[in-house]
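Structure record follows, encoded as structure tokens.
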Amino acid sequence: MSRPTPETLAHRAHAFAASSSAATPANQAAPVVAPTQVTGAGSLVKSLEALGVDVAFGIPGGAILPAYDPLYDSKVRHILVRHEQGAGHAATGYAQATGKVGVCIATSGPGATNLVTPIADAYMDSVPIVAITGQVARPYIGTDAFQEADIQGITLPITKHNFLIQRPEDIPRVLAEAFHLAITGRPGPVLVDIPKDVLQAQTTFSWPPTLELPGYRPTLHPHGKQIREAARLMSAARRPVLYVGGGVLKAHATEGLRKLAELTGIPVITTLMARGAFPDSHPQHMGMPGMHGSVTANYAMQKSDLLVALGARFDDRVTGNLESFAVGAKIVHADIDPAEIGKNRAADVPIVGDARHVIDELITAIEADQAAHRTGDYAAWRSTLEELQVKYPLGYDEPDDGTLSPHYVIERIGKIAGPDAVYAAGVGQHQMWASQFISYEKPYTWLNSGGAGTMGYAVPAAMGAKTGRPDTVVWAIDGDGCFQMTNQELATCALEGIPIKVAVINNGNLGMVRQWQTLFYEQRYSNTELGTHKHRIPDFVKLADALGCVGLRCETAADVDRVIEEAMAINDRPVVIDFVVGKDAMVWPMVPAGLSNDEILFARDMRPDFPDDAV
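No gaps in the numbering here: position 129 of the sequence shown is 206 in the numbering used here, and each next residue is one more.
Structure below.
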């Protein structure tokens, strides 16, 4: 499946030409609709159609109900979810898997507030979604009317921008602006709140509208001087690292990244949000850094003399104790959001720009340096890191008590489903194991909640991804805790013909919390046992059957491949596999919270024997 470029998507939203006040639509091929008399609700639906929206996830209710009448006749597919949180995460999964703007719809009050978590999640991970909410009629705003909530005020800190539409004639313009804002620059969620009487009022719809965003001009192309300085540092460094974040995926820059890496020979690390941006099998890939990253990736960052950060934000789960993070490294920090540069770590060479343009221009500058015989020599550095990879590979021990290993389960899912499948993970131990033991060879095959760490993300996100990429195998890898938060969306999947596959890594506990209690709270397991082992409440196989899915169970290593292959063969319904695994499995490596990445543990009480600092 070809993925639309940000420019194509911006054109659909009628990205405007540079001017000081208003804008002319940049896409001359955009549909032109002559003025037509419609209601505000009709204008909303026609705007979604003109913007190329093919699916929206939502639930009707009183304030948004006028919009659902013209939606009945629309070519926009509406998927009726079971909870608004599911609608928001589905929109996110759709956006992450397709590169398009995800759309979710909710009514006022509790409908809108149920979107707060997925909106915050999308904001943290820079995912382009547009949330459309109904609002009480204009005369009732501020009166504490039935199902009134100031969703514009509530979401102000967690949206890229939000709108309260006051006039029906503004609907096309605001929708076009919302989509343009969501997908351009640093992507993110945009909320559009529409009072019920605005939806009911008569208006004139025409397309395309004229956008009014005079102050919004993301910097796409970096400054040439900064690029040349970055290239100079890369050529002069002895221990450089390409520190790759999710912004590389957002910018559709993965092909350029590979070219840059191979041109320079610089080792590459990919953050949790960038898994798949660079092939795991590539000899220059050193793994994922951070709290549960590989020993090699963390060593590479700590001992580097130059970090080239591309679309990454130096977050605490990567850096550990910031004061001790990569203290000997100069920093080249490239990001489309200038607010990120210098926020956590001062940059020696700050570069504001889209990662795709930054990488392309770095390639040009490096080629010029190489033509002038200015080429970095990283042979000793690469050799040291390759030795560490051999010495400290990601791995696991089989459980002593004979229980099923969760690591093995996830590893086999990745092997059998293969690199073309999409994997959506919940949050916790299973998320880390899925990031470690599945090999990600291609971009846009790994979906997870990175910044917010939202339990319940996996099932609705997988639903959204499968909706956007129906010909792709989509696995949700979930924990028994996460799964119980949003599994009702399996009923949506069953009824809407969205055959995702769900692996429930059922250890009977809130696994990551239990791990911390084991390590830091003297094994005082306060409120972490879920009862899914001891009492089989709920019975996930019966629950899957009740939700219109195929339910399977696996409790032994000997049955793992057979059960996964059985699930892979079922394509007309969702499948849920209850993998009953041991409760004491741990995620290693681990950097305990607040400590330096130098203090990484590769097993309990076991620190790696790092080579001498001098490389």
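In this text, a Cβ means the ideal position worked out from N, Cα and C, and glycines have one as well.
Of all the options the options, which has the alpha carbon lying nearest to the alpha carbon of residue i?
i           : options               : result
residue 214 : 490, 234, 271 and 207 : 271
residue 505 : 587, 321, 256 and 324 : 587
residue 290 : 280, 252 and 273      : 252
residue 455 : 377, 537 and 190      : 377
residue 349 : 395, 336 and 387      : 395
residue 437 : 382, 539, 337 and 659 : 337
residue 581 : 420, 616 and 429      : 616
residue 313 : 113, 450, 359 and 181 : 450
residue 110 : 282, 225 and 334      : 282
residue 360 : 372, 344 and 186      : 344
residue 375 : 356, 346 and 383      : 346
residue 564 : 632, 538 and 299      : 538
residue 317 : 384, 661 and 201      : 384
residue 611 : 635, 589 and 583      : 583
residue 427 : 200, 310, 242 and 221 : 310
residue 693 : 522, 199 and 108      : No answer is possible for residue 693: it lies beyond the span of the chain, which begins at 78 and ends at 692.
Please confirm whether residue i and residue j have their CB atoms less than 8 Å apart.
i           : j           : result
residue 620 : residue 644 : no
residue 495 : residue 514 : no
residue 431 : residue 307 : no
residue 545 : residue 174 : yes
residue 682 : residue 489 : no
residue 423 : residue 408 : yes
residue 440 : residue 641 : no
residue 266 : residue 236 : yes
residue 231 : residue 190 : yes
residue 194 : residue 569 : no
residue 227 : residue 528 : no
residue 551 : residue 498 : yes
Under a Cβ-count criterion, where at least 16 other Cβ atoms within 10 Å of its own Cβ denotes burial, should residue i be classed as buried or exposed?
i           : result
residue 369 : buried
residue 604 : exposed
residue 467 : exposed
residue 99  : With a pLDDT of only 28 at residue 99, under 50, the local geometry of the prediction cannot be trusted, and the value read off the model is given with reservation. Counting Cβ neighbours within 10 Å, residue 99 comes out exposed, since fewer than 16 surround it.
residue 614 : exposed
residue 592 : buried
residue 598 : exposed
residue 543 : buried
residue 453 : buried
residue 670 : exposed
residue 381 : buried
residue 404 : exposed
residue 114 : exposed
residue 485 : buried
residue 185 : buried
Tell me which residues share the same chain as residue i and place their Cβ nearer than 7 Å to its Cβ, disregarding the 5 neighbours each side in the sequence.
i           : result
residue 649 : 576
residue 147 : 118, 119 and 122
residue 130 : 153 and 180
residue 305 : 442
residue 23  : With the chain represented from 78 up to 692, any question about residue 23 goes unanswered, as that position is not in the structure.
residue 595 : none
Only counting the same chain, and skipping five residues up and downstream in sequence, which positions put a Cβ closer than 6 Å to that of residue i?
i           : result
residue 192 : 161, 165, 183 and 208
residue 487 : 510, 511 and 514
residue 724 : With the chain covering only 78 through 692, there is no way to say anything about residue 724.
residue 54  : Residue 54 is absent from the model: the chain starts at 78 and stops at 692.
residue 386 : 320 and 410
residue 663 : 592
residue 89  : Summary for residue 89: the model assigns pLDDT 42, below 50, so the residue's position carries little reliability; its value from the coordinates is reported in the next sentence. Cβ within range, chain order: 128 and 129.
If contacts are defined as beta-carbon pairs under 8 Å, then residue i and residue j qualify, I think. What distance do you get, rounded to the angstrom?
i           : j           : result
residue 140 : residue 211 : 3 Å
residue 411 : residue 435 : 4 Å
residue 324 : residue 389 : 7 Å
residue 666 : residue 372 : 6 Å
residue 675 : residue 379 : 6 Å
residue 481 : residue 634 : 6 Å
residue 541 : residue 135 : Actually they do not touch by this definition, with Cβ atoms about 12 Å apart.
residue 566 : residue 163 : 4 Å
Less than 8 Å between C-beta atoms, sequence neighbours within five positions excluded: which residues of the same chain meet that for residue i?
i           : result
residue 627 : 621, 644, 647, 650, 651, 652 and 653
residue 116 : 143, 147, 245, 276, 277, 278, 279 and 280
residue 672 : 397 and 398
Less than 7 Å between the CB of residue i and some heavy atom of the ligand NAD, yes or no?
i           : result
residue 185 : Absence of the ligand NAD is noted for the structure shown, with no ligands found whatsoever.
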